[in-house]
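> Take a look at this one; I'll ask things after.
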Amino acid sequence: MTRIDGHTILIGLMAYPIRHSMSPTMHNTAFEALNLNYAYLAFDIDGDQLADGVKAIRTLDMRGSNVSMPNKQAIIPHLDKLDISAKMTGAVNTVVNDDGVLTGYTTDGVGFVNDLKKKGHDVAGKKMLVVGAGGAGIPIAAQSAIEGASEIRIANRKDGHFENAEDIAKSINENSGAVASTFALEDEDAFKEALNWADIYVDATGVGMKPLEGKSLVEDPSWLKEDLVIYDTVYAPRTTKLMEVAKDAGVKNVYNGLGMMIEQGAAAFKLWTGQDMPIDLVEQAMAEKDKEK
Ligand code: NAD
């Protein structure tokens, strides 16, 4: 890493556990390719260390940091400002340090919308069904509303997250032009009706990845219409059971969450550097890193 010198600016990733993350590979590949004098490092920071971690952003004059669990909500009181994406979702995954002023953003939703756009689907004017109101589903619903989705139904099973679904629906109705509503996933008729009603169906539950690999909320292909756009936020495995069921149903536009993961990083990269991430190079570097595992 000869490019590191006395002027190199640090960007962090604060979460616990975090050493498995692909984000350092993603960002450092992009810095190197664009000859930007930044370095991105992961730090194991849990809830007790978070205040010191944020202090370090200021003290070390870092350009910013990504934040993941368990710090996404807890960091908010430590920041100076919140972007609308962070205000609506009540969570932050990216911090930008502008001369000591720390602003929080959530780029997961932008990542989803941008990835879908690249695949030829604009959320503007669309009817969306988002299942799962957790770390992925909430920003997806919020950003889709910000970007002009007409109606969003948010479904969750009746567990501790159901309240999150109601909260984000309320926030969407108050802060955007979209109309949001919720239903319980246990209501199978409502689920089937919503699948038939929607233009875009997002599964943000994690069903289909470990420990639920091989499982899908939709097992019967007849529940899916051919022109539905289906987006599964899971990216490991690359093909989930839902995606297989969708193919059996003849659905043409079926995607996993890899593009969203890369695009959320690209959105953070743009906030820190003002530059577009070289996505093809980053994908290549991540695939190589994957093979090493
Ligand atoms: P989370 O735990 O915050 O939320 C999970 C949601 O799914 C909750 O609303 C929960 O009620 C629901 N759920 C969980 N198990 C369920 C089941 N068996 N049946 C029905 N509903 C169920 O998790 P998260 O951080 O939102 O992650 C969800 C998925 O999204 C994971 O697969 C994760 O890898 C993926 N994800 C992808 C990206 C990306 O960039 N592609 C980003 C974040 C998360």
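Each residue of the sequence shown is one higher than the one before, counting from -1 in this note's numbering.
From the three backbone atoms N, C-alpha and C, an ideal C-beta is built for every residue, glycine too.
1. Can you find the residues in the same chain that come closer than 7 Å, C-beta to C-beta, to Val232, ignoring five residues on each side of it along the sequence?
2. Determine the closest residue to Ile43 out of Ile144, Ala13, Lys53 and Ser142, with distance taken between C-alpha atoms.
3. Going straight from the alpha carbon of Tyr36 to that of Lys268, what length do you get?
4. Using three-state DSSP, classify Gly109 as helix, strand or coil.
5. Are the region 72 to 82 and the region 96 to 111 in contact at 8 Å, needing three or more beta carbon pairs?
6. How many Å lie between Leu32 and Ser220 at the Cα?
7. Is the beta carbon of Ser174 closer than 8 Å to that of Ala196?
8. Out of curiosity, what's the CA-to-CA distance linking Gly123 and Leu226?
9. Identify the residues that DSSP records as bridge partners of Tyr233: which are they?
10. Which residues mark the beginning and the end of the alpha helix (DSSP H) in which Ser142 is found?
11. Taking its Cβ as the centre, do 16 or more other Cβ atoms sit within 10 Å of Asn91, making it buried, or is it exposed?
12. State the Cα-Cα distance for the pair Met126 and Met284, rounded to the nearest angstrom.
13. For Ile152 and Gly118, I'd like the C-alpha separation in whole angstroms.
14. Roughly how many angstroms lie between the CA atoms of Pro209 and Ala202, to the nearest whole one?
15. What's the C-alpha gap between Leu58 and Glu191?
16. In the DSSP output, which residue or residues are listed as bridge partners for Val227?
17. Could you tell me the alpha carbon to alpha carbon distance between Ile74 and Ala89, rounded to whole angstroms?
18. Taking only heavy atoms of the ligand NAD into account, decide whether any of them is closer than 7 Å to the Cβ of Ala139.
19. Helix, strand or coil for Pro75, going by three-state DSSP, please let me know.
20. Go ahead and pull the three-state DSSP assignment for Thr92.
In brief:
1. Cβ neighbours of Val232 beyond the five flanking positions: Gly204, Gly206, Met207, Thr238, Asn254 and Gly255.
2. It is Ala13 whose Cα lies nearest to the Cα of Ile43.
3. Straight-line Cα distance between these residues: approximately 13 Å.
4. Helix.
5. Touching, per the Cβ criterion.
6. Those two C-alpha atoms are separated by around 48 Å.
7. No, the pair does not count as a contact, with Cβ atoms beyond the cut-off.
8. Those two C-alpha atoms are separated by around 15 Å.
9. None; Tyr233 has no bridge partner.
10. Per DSSP, Ser142 belongs to the alpha helix (DSSP H) from Gly135 to Ile144.
11. Label assigned to Asn91: buried.
12. Answer to the nearest angstrom: the Cα atoms are 30 Å apart.
13. Computed Cα separation, rounded: 23 Å.
14. Pro209 and Ala202 have their C-alpha atoms roughly 15 Å apart.
15. Looking at the two C-alpha atoms, the distance is approximately 53 Å.
16. Its beta-bridge partners are Ile198 and Asn251.
17. The alpha-carbon atoms of Ile74 and Ala89 are separated by roughly 7 Å.
18. Taking the Cβ of Ala139 as the reference point, every heavy atom of the ligand NAD lies at 7 Å or farther away.
19. The answer is helix: DSSP assigns Pro75 an H, G or I state.
20. Thr92: strand per DSSP, three-state reduction.
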